[in-house]
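Enquirer: Here the protein sequences line up with chains A and B, keeping their order.
Each residue of the first sequence is one higher than the one before, starting from 1 at the first, in the numbering used here.
Each residue of the second sequence is one higher than the one before, starting from 1001 at the first, in the numbering used here.
Just so you know, even glycine gets a beta-carbon here, dropped at the ideal spot from N, CA and C.
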Amino acid sequence: MDVLYFAWVRERIGHPRDRVDTQAATVRELVAELRAREDRYAAAFADLSALRVAVDQELTDFDAPLAGAREVAFFPPMTGG
Amino acid sequence: MDIRVQEAAFDLGDEARAFAARQSGMGAVVTFTGIVRDVGGRLDVMEIEHYPGMTERALTKIAQEARARWSLGDVLIVHRYGRLRADETIMMVATAARHRADAFQAAQFLMDYLKSRAPFWKKEHGRDGAAWVAARDEDEVALDRW
Chain A
1 MDVLYFAWVR ERIGHPRDRV DTQAATVREL VAELRAREDR YAAAFADLSA
51 LRVAVDQELT DFDAPLAGAR EVAFFPPMTG G
Chain B
1001 MDIRVQEAAF DLGDEARAFA ARQSGMGAVV TFTGIVRDVG GRLDVMEIEH
1051 YPGMTERALT KIAQEARARW SLGDVLIVHR YGRLRADETI MMVATAARHR
1101 ADAFQAAQFL MDYLKSRAPF WKKEHGRDGA AWVAARDEDE VALDRW
């Protein structure tokens, strides 16, 4: 699946997307896998309360299932308008 | 319904006039415009990032929700991304309704949701460096009234 990062999450990780092969059942499990990759991922995902997640371009929460998901995105709270 | 996410500047007057002109039987048009603020003269550039694809979906969903709640003739949302300077127009919403209460309330609803449910992020580049604009608690609280 494609994992996308926006705003400071992208800056902290250093690139805008990863192609990930994962068996993670939920977003939270995917986060655990990403954290284990490298320090910069651990830093980006240190505080989940500072992050929001979308699965297939719909806002959801960290317990959302990933079955069939094609795209997961992580970003800070939005500041539109 | 007209929803546009674009880098290019737009003319507020042209957009409002064209929106009003294509309505029929609507007694009220309300517009809201968001403008880049330079607090204390320190802003060089306001950078707006978004999530292509999800942005359009989220805005469409918010506009559809407004149409379900109020009696509206039409909705317009234009939101820019990219690098903007102080006093440039960031975005606008317009609502058309038979009566003003629906148009006003729907415009406020669109803005409240757009602030914290549409995937845009602002970064201020200024004399003191660059920093991402933090979401405000009030913006989240504002959703409760709907």
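Please list the terminal residues of the continuous beta strand (DSSP E) segment that includes Glu1109/B.
Expert: In the sequence as presented, Glu is not what sits at residue 1109/B; that position holds Phe. In the DSSP assignment, Phe1109/B falls outside any beta strand (DSSP E) and lies within the alpha helix (DSSP H) extending over Arg1100 to Arg1117.
Enquirer: Suppose you measure from the CA of Ala67/A to the CA of Arg1022/B; what does that come to, to the nearest Å?
Expert: 44 Å
Enquirer: Return helix, strand or coil for Arg62/A, following the three-state DSSP convention.
Expert: Residue 62/A is actually Phe in this sequence, not Arg. The DSSP-derived three-state label of Phe62/A is coil.
Enquirer: Name the two residues that bound the continuous beta strand (DSSP E) containing Thr1160/B.
Expert: Residue 1160/B lies beyond the range of chain B shown here (1001 to 1146); nothing can be said about it.
Enquirer: Taking only beta-carbon atoms, is Gln57/A less than 8 Å away from chain B?
Expert: yes
Enquirer: Relative to chain A, which residues along the region 1118-1144 of chain B have a C-beta separation below 9 Å, given in chain order?
Expert: Going along the region 1118-1144 of chain B in chain order, one finds Ala1118, Pro1119, Phe1120, Trp1121, Lys1122, Lys1123, Trp1132, Val1133, Ala1134, Ala1135, Arg1136, Asp1139 and Glu1140 with a Cβ nearer than 9 Å to chain A.
Enquirer: So, for Arg1127/B: in the same chain, excluding its five sequence neighbours on each side, which residues have a beta-carbon less than 6 Å away from its beta-carbon?
Expert: Arg1042
Enquirer: Quick check on DSSP: helix, strand or coil for Met1054/B?
Expert: helix
Enquirer: Using a Cβ-Cβ cut-off of 8 Å (strictly less than) and excluding sequence neighbours within five positions of Asp61/A, which residues of its own chain qualify?
Expert: Val27 and Val53
Enquirer: Is it right to say Trp1121/B is buried, meaning 16 or more other beta carbons lie within 10 angstroms of its own, or is it exposed?
Expert: buried
Enquirer: Rounding to the nearest angstrom, what Cα-Cα distance links Phe74/A and Tyr5/A in this structure?
Expert: 5 Å
Enquirer: Can you tell me the Cα-Cα spacing of Gln1006/B and Gln23/A, whole angstroms?
Expert: 37 Å
Enquirer: Mapping DSSP to helix, strand and coil, what is Arg10/A?
Expert: If DSSP states are grouped into helix, strand and coil, Arg10/A belongs with the helices.
Enquirer: Of all Cβ atoms in chain C, is any one closer than 8 Å to the Cβ of Thr79/A?
Expert: Judged by its chain identifiers, the structure shown contains no chain C, and its protein chains are A and B.
Enquirer: Hey, out of Thr1031/B, Ile1077/B and Tyr1113/B, whose CA is closest to Glu1140/B's CA?
Expert: Tyr1113/B
Enquirer: My assumption, with CB atoms under 8 Å, is that Ala7/A sits in contact with Pro76/A. Please give the rounded CB distance.
Expert: 5 Å
Enquirer: Is there at least one Cβ from chain B nearer than 8 Å to Phe75/A's Cβ?
Expert: yes
Enquirer: CB-CB under 6 Å to Tyr1051/B, same chain, minus the five flanking residues each way: which ones, in chain order?
Expert: Around Tyr1051/B: Pro1119.
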